[in-house]
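S.K.: Have a look at this one before I ask anything.
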């Protein structure tokens with residue numbers, strides 16, 4: 760609800776609380792990605808997306824969020840992004 764209302768800092772607090780209680784909650788990792796991107800924490804966003812994919816390798820949302828995070832990261836080389844996009848199919 761906080762993320763949908765553009766209250767990303769509060770959303771991040773909630774995601775972190777959820778993950779402290781249940782670290783293997785793939786949805787929390789996945790949903791955290793856009794909030795981290797909004798905070799310009801691109802490395803954190805990529806880590807969150809990769810964590811979600813480790814927990815649920817079939818998650819299209821996590822894979823999509825990984826690509827979104829990489830596309831916003833000014834330090835991501837184009838070939839790295841392309842490799843991830845190809846892996847997504």
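Residue numbers (the numbering used here): 760 to 848. C-beta: ideal position from N, C-alpha, C; glycine also. The model shown is predicted, which means the values in this text are computed figures rather than measured ones.
Under three-state DSSP, which class holds residue 763?
M.R.: As a working note, residue 763 is residue 4 in the chain shown. It is coil, neither helix nor strand.
S.K.: What separation, rounded to the nearest whole angstrom, lies between the Cα atoms of residue 763 and residue 783?
M.R.: On the chain shown, position 4 is the one that residue 763 refers to. On the chain shown, position 24 is the one that residue 783 refers to. One C-alpha to the other measures close to 23 Å.
S.K.: Under three-state DSSP, which class holds residue 783?
M.R.: Taking the first residue of the chain shown as 1, we reach residue 783 at position 24. In the structure shown, residue 783 sits in coil (DSSP, three-state: anything other than H, G, I, E or B).
S.K.: Is the beta carbon of residue 794 sitting closer than 9 Å to the one on residue 825?
M.R.: Along the chain shown, read from residue 1 onward, the residue named residue 794 stands at position 35. Along the chain shown, read from residue 1 onward, the residue named residue 825 stands at position 66. Taking 9 Å as the Cβ cut-off, residue 794 and residue 825 do not qualify as a contacting pair.
S.K.: Taking only runs of the beta strand (DSSP E) that begin and end inside the stretch 788–835, which ones reach a length of at least 3 residues, in chain order?
M.R.: None, since the stretch 788–835 contains no complete beta strand (DSSP E) of that length.
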